[in-house]
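Please read the structure below before turning to the comments.
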Amino acid sequence: MSDQTASQSPEPTLALIESLCREPMHIGETWYVVSPTWYRRWRKAISGEVDKEGGLNIKDVGPVDNTDIATQDGVIKQDVPLEELQFVPEKVWHWFAEGCGESRLPLPRTVIPRGVQAEPSLELHPLCIRVHVLSAQAVPGIEVEPSKVFVSVKDTLANVQDKILALPNFDRQRQYRIWKLAEGGSGLTQFPCTPEQLKELGAVVIQPSHKTVEDELIEEGDAFVVEPQEEGLWIVADDEVPAQAGTVSTSTSQSTITQGSAPKLFNTGQDFFSEIQAKSAVSGTSSATSSAQKPSAKSTSLKVAPRAKTPFALDPGTLGLGNMGNTCFMNSALQCLAHTPELTEYFLTGVFEEELNPDNPLGMGGAIANAFGALLHRIWVPGGTGTSYAPREFKQALQRFAPQFSGYQQHDSQELVAFLLDGLHEDLNRVRKKPYVEKPDWEGGGDKELIGLAQNSWEGYMKRNDSVIVDLFQGQYQSTLVCPECAKVSITFDPFMYLTLPLPVDKKWKHNIYYVPWDMDRQHLKIPVEISRDASFKDLRQLLGRWMDVNPDNLLTLEVFSHRFYKDLDDTCLVGDMSHNDIIMCFELPCHAQQSRTYKPQPGDPFIVPVLLSDMASARFSYRNSQSLFGYPFVVVVDQEQATDPDVIYDVVVERLQRWTANIRDLFTWVPVTPTMTVPVQIPISGPPEDAVTEIKANGDIITVEESAPEEGDITDEKASVVRDEDDVSMVEIVTEEPRRVGYKKGIFKLRVQAGDARYGASYNNYGSGSQRADEWEHRASQAKNLPNAPEPPVLLQENDLFVCEFDENMKAYYFGDNNERTRSDFVDWNSWEEYVHPEYTASRKAAAARKNKGISLQDCLDEFTKEEKLGEDDLWYCPICKKHQQATKRFDIWKVPDVLVVHLKRFSNSRMLRDKIDTFVDFPLEGLDLSPMVGERQVAQRLAEEGIDASELGLSNLDEPLMYDLYAVDEHLGGLGGGHYRAYSYNHTTDKWYHFDDSYVTSVQPEAAVNSNAYLLFYRRRTSRPLGGKSHAKVEAARSNPTLTSPPDQEATQLPTPPLEDNSPPASQLGRRDFFKVGQENMGTVTGYQYNDDWATPQSMSRSSPASSLPPLDDDEQPPPFASLFDDAVESSLPPLGLSTHHFDLPDPSSTGSPSSSVAAEPDLDDLDEMHVYEHRSWQGGVRIDSLKAFPSIALEEPISSISPSKLMGSNDDESDLDEGPI
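In our numbering, each number is its position in the sequence shown, counted from 1, plus 3.
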């Protein structure tokens, strides 16, 4: 460490470092990634913090150690949550190196522009390419492993060449030529590479240019071959070099789709679909790349050897999607959406071209719609022979407008679905100019008025939003708030695009609470509790107050560690943030404990002072030295009058000390035994014989003993044996009392008072500073007298004071045990506390066991979603009647359901201390999901019908048709959050089969396989006799019948069958899945390219992503783990840093709604103002759209995520609301 740095105090140094780390990043800068484990150690040492593990010296920290977050090659591990990483600028990194030593694993990263707005972001995962050397001929028995070179997506081809030739095995004085292998070099089987392999793999020479790696679609792991020049001659003759040698990729047909307007899809002989068919027929490969990217055989003499063709043509919709590096989240979502028949038909018939809205400021210029349409053509091309295709062009278009999806780290598949549907909606929005629409308010009334409010809300929304996404995916939900004081009801209706359902699992926090009653005659107890993991300590105190029959406001909860109070567990603390081995004490007080956030200090409040027990200290002793403490810490209450006298304060402490010592009697001063009164006693003469002696005991007992004759020489008391001749003799008995307690014994310990910097001595973030010293009482009195309006006598205590009882060795041994007989830890025996089990706890455990045995169904999740709950204290609702914020009750109900229902099972949870995934199996139906009992519109119509009112007159239609849904796709997640793997199950209605899509690996499966504990997103399609899609379906039918838009007969195969409306169709409730699709197939005739064989052969992937000879690998490079290990508990990744968060696109979760002040407006939470999405004034910031709910909703990551309850719904809202969602 430099002298200048060493001369600085720890606080300014820490403040300076953290200030530099908070500075904004600028394009071109280099920042360094630092392990959070190392950074926490450094921060602890530099700040002097002492936590439960003690303090740490800066000399013991050592150089930056990144081995826990990166491989030896400098690749950040995929299972590391990005939000936990620490990023420091270059000057801070140099400070670390100077002060702590050079790191053996530095992780420099460059700030690059992302998206259309060139938003600065740190490239955490640069691409790693492989570099081989070309040899004139193979050398048997010698293999040379390829070198690795890391390049940025913004590097130019010239930069890539420089980095390759900078490898130590190349001499810059020689001439080299660099080749790029097609298909990423997956077919390269021997090293070094030979000219024959260059020919077979379709290699092309790259020339230095300003085209970037991103532009040329260079991927992770792509292979390059360096050809050295020998004696002025190249190994490959110049006349064999491909003509188009100046570029890496010659593909233009699809990459340009994302740059400009969409190509015409159905122009005869020239349409994009025909071009794809022609290319696929020529290529005949199972490559993950477009055939257009291979050099033409006519353009060069370096001919590409033909690959072995797949012996059969693939059925449409069975194309796998190649993994381009942790893109399984995207592939699985795309397969599910691509197998939505009505959506796919809309694109394949070219209708989307008519409805493109490139001028929509909320859209993406039509780029997302064009890219998605091109991808659907690739997936549904008939007669294709390639088993997989890498959707590079789609990903490139995606990351232009959503920089959070750039790079190759894992993401949440549900997040992609949310963004994609949002983007498609705005790109295809039929409303060219959005009018201002005021949201209607609930003014009270009955069912008729409720229907009117719902219809007005939907019509207002449709004035601003009208697209194929609205036609297919959007429904409507009802939100109801009720004031607990005046019973004011606020009802709002908002659109939703998918339902996020909480899983009603046993998310309980179980812990032992050590309870200390105020009454000294009552035993202190160990109480097991079970409460929601999201509960606060206020909830816990209310529970204990009910169980122990005390006022919850009088309960004080504190964490104990190392014989002191470590943390003040007030209302802001959540029980779920505590570790299982944390010790929590709850003290009952005779006054308000002052832990409530709503408590306001009052004049005359007593002092609540923590008391610690300590060994006798030296004059300069600091009580922050945990080694001197012992026993249980406790709390005393000193009123204002008592606080004026040190002796009275001492007595208050001794009184509370009775609970913690076995020698209670010797805490007090006792009055010696003294005579108090005499009582006459009659002794009869005739009783005892003359040689007997009557003895009177001090307690009044009279006994007679025989007296033997004294021995010679004995001295006897003759007076005792003289008896007078009276009949009775009056004698006197001396009566005494037990010793009397007259006060507390002085000098047991020395009581010191120390000013603290936190309540109860629980300085959670600044432990061990040692800056505070004990005060003398005389000094306190002098200070108090100098205060303005000081009382007389002066009050000696201050806020946050701490008492320390210092015991010398003898006193400590007497009252608490001898150190020679007991270890220091024996002074605290938490197991000796008597256990108290409340009946509620027993009943809760039994109920949890019953639920576990029963399992969870999708209906249970729906019931949990619609369950009424009370708003939290942080999310109060402003009641317009009471004119104040209220803790209202809130309930969500489904009002109207869409034709295509997407269900998001909320498997990921996130708190400050606990982030995990819920792997619980949820049973959901393959067919016949009946939502009729859950839909409010149907329930209201039924009530009106019972009253004799025709609901159709109120604008409701199709009320007799059941709301029955069939499953057609499942997006599943294996493993833990922040990593894991995504796969998809989809139903193909053209083959009437289910398929499993594991990136490029596609297999035919039974539908029951989709129902498993990995299911994450469920896609349901409504079973009905009418065509789905409404207005969009009509446009598709018009496109079919219009010869200027439809394709020639041989192109008709790309149009997916849509069931027409037949008068003689059976009721929808009587149709199964196959019957439903057959309705649309009966009149289609022969469809060219479709195969309906039941014995369809499973395509075997030949791509590099998934070799047919083995199971497909997960996203990491490790071998597939055992099946059971795929169900590990994990973390929900939270929002990534550096502005790459997707929450700007999130359609807020209604369960996180900041309670509206009325049915019209919402009362924003001041803490969440910067998270609000303003759709009315949405703007592009850094390529990320910032919305406010003027369009439709999206889903946020779970994770992070704060809400008033478990997130229930990802909905949409066309007007202002302050719904927000705090995922991976």
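Even glycine gets a Cβ: it sits at the ideal position worked out from N, Cα and C.
The structure presented is a predicted model; accordingly, all values stated were derived computationally and were not measured.
When DSSP assignments are scanned along the region 560–588, the uninterrupted stretches of beta strand (DSSP E) that are 3 or more residues long and fall wholly within it turn out to be 567–571.
When rounded, the separation of the alpha-carbon atoms in G368 and P231 is 46 Å. At the C-beta level, D974 and S416 come within 8 Å of one another.
The region 210–220 and the region 150–165 touch, with no fewer than 3 CB-CB distances between them shorter than 8 Å. With fewer than 16 other Cβ atoms inside 10 Å of its own Cβ, W833 counts as exposed. In the DSSP assignment, V807 falls within the beta strand (DSSP E) that extends over D804 to F810. By the beta-carbon neighbour count (other beta carbons within 10 angstroms, threshold 16), I667 is exposed. Nearest Cα to Q89 within the set R43, N813, G58 and D608: R43. A check of alpha carbon separations from Q889 across W898, D896, F895 and D878 identifies D878 as the nearest. Judged by DSSP in its simplified three-state form, P604 adopts coil rather than helix or strand. With respect to the 8 Å criterion, V156 and E126 are classified as neighbours on the basis of their beta carbons. Rounded to the nearest angstrom, the Cβ distance from L966 to L929 is 17 Å, too far for a contact under 8 Å. By the Cβ rule, the region 752–764 counts as touching the region 792–812, because three or more pairs are nearer than 8 Å. In the three-state reduction of the DSSP assignment, R946 falls in the helix class, which pools H, G and I.
Note on geometry: alpha-carbon atoms of Y968 and L962 lie some 16 Å from one another. Contact annotation: the region 359–367 does not touch the region 1011–1023, with fewer than three C-beta pairs closer than 8 Å.
For A596, the three-state secondary structure derived from DSSP is coil. Within the region 1007–1049, the complete beta strand (DSSP E) segments of 3 residues or longer fall at 1018–1026, listed in chain order. For the pair L543 and D71, the Cα-to-Cα distance works out to about 37 Å. Less than 8 Å divides the Cβ of G323 from the Cβ of S391. Within the DSSP bridge table, the entry for W512 names I534 as partners. S106 and V67 have their alpha carbons spaced roughly 5 Å apart. Apart from the 5 residues on each side of it in sequence, T347 sits with its Cβ closer than 7 Å to the Cβ of A341, L379, W383 and L1059 in its chain, given in chain order.
Secondary structure at L800: coil, using DSSP grouped into helix, strand and coil. In this chain, the alpha helix (DSSP H) harbouring R544 covers F540 to M551.
Beta-bridge partners of W34 (DSSP): P92 and R112. Collapsing the DSSP output to three states places H992 in coil.
For T343, same chain residues with a beta-carbon under 8 Å away, outside a window of 5 residues either side, are L475, V903, Y971, A972, F1022 and R1024 in chain order.
With respect to the 8 Å criterion, L547 and I516 are classified as neighbours on the basis of their beta carbons.
Closest by C-alpha distance to T1027, out of L932, Q757, T993 and R946, is L932. In the three-state reduction of the DSSP assignment, I72 falls in the coil class, being assigned neither a helical nor a strand state. P39 carries a helical assignment under DSSP once its states are collapsed to helix, strand and coil. Runs of the alpha helix (DSSP H) lying entirely within the region 353–379, each at least 4 residues long, are 354–358 in chain order. E838 is bridged by DSSP to K529.
Around Y349, the same chain offers F355, V471, G1032, S1035, K1038 and V1039 as residues with beta carbons nearer than 8 Å, after the five sequence neighbours per side are excluded.
The beta strand (DSSP E) runs lying completely inside the region 858–929 and spanning 3 residues or more are 880–882, 887–889, 892–899, 903–909, 911–913 and 918–920, given in chain order.
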